[in-house]
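> Let me begin by handing over the structure; questions about it come next.
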Amino acid sequence: DDEVVLVYSDGITEVDRVEYDNGATFPDPNGASMELRNPNYDNNDGSNWDAATTPYGNGDLGTPGAKNDNYVSALEPAKSMNIKTFQILPNYPNPFNPQTQFKVEVPEAVDQLRIEIFNTAGQLVKTIYQGRLSPGQHTFKWQGVDEAGKNSPSGVYFAVLKTQNLQKSIKMILLR
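Using the working numbering, the first residue of the sequence shown is number 186, and each one after it goes up by one.
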């Protein structure tokens, strides 16, 4: 087990604390920086973290001073948008290089939701999101990289939304 604790300059007042265990829910960044998907998410839940994939500086990965590259945003509550079904909307731009984004509509809170990228051989390329998602319309980005942060080759890919009871997908074209 390990933790990071941020305190004010008085050395006493705690600003934030992250307790991580390198267990199954926390990503294994293999040297990459870690990033919280949304600053409003519970930072002690490993499923809310990703390994950074955006190149920065001299071979490092991360987005210092900018929004994280795997940022998840709830745009509007589901009721105000009249969302009735789970949807994964077409990505934009398509074709894309180097990144694309797509929206997911969630009519009700779901505990086990996954968004994954697959190639045409059916191989998992990248897990974009895994965990609980609140009702609403959420925006996700894919930078055209695999789990190791390496550029994926040009080709057709599928973004797949999965819950315990359904699976929906969209086709995306990456041009390098």
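Every residue, glycine too, gets a C-beta built ideally from N, C-alpha and C. Bear in mind the structure is a predicted one, so any value in this text is a computation, not a measurement.
With a 10 Å radius around its C-beta and 16 neighbouring C-beta atoms as the bar for buried, classify Q286 as buried or exposed.
exposed
> What span of residues does the beta strand (DSSP E) with K335 cover, start to end?
From DSSP, K335 is part of no beta strand (DSSP E); its letter is neither H nor E.
> Output needed for V200: all residues of its chain with C-beta closer than 8 Å, excluding positions within five of it in sequence on either side, in chain order.
The residues are L191, V192, Y193.
> Within the continuous beta strand (DSSP E) that includes D296, where are the two ends?
295 to 304
> Tell me whether F343 sits in a helix, a strand or coil according to DSSP, three-state version.
strand
> Are the beta-carbon atoms belonging to Y342 and N282 less than 8 Å from one another?
no
> Of all the options K288, T312, G231, T198, which has the alpha carbon lying nearest to the alpha carbon of E188?
The shortest Cα separation from E188 among K288, T312, G231, T198 belongs to G231.
> Let me make sure I understand the geometry here. Which of I197, A237, R202 has the alpha-carbon closest to that of E332?
A237
> Determine whether the beta carbon atoms of A294 and P278 lie at a separation below 8 Å.
no
> Of the residues T348, N267, G307, which one's Cα is nearest the Cα of Y314?
T348
> Given a cut-off of 8 Å, decide if F271 and L346 are closer than it, judged by their beta-carbon atoms.
The answer is yes: Cβ separation under 8 Å.
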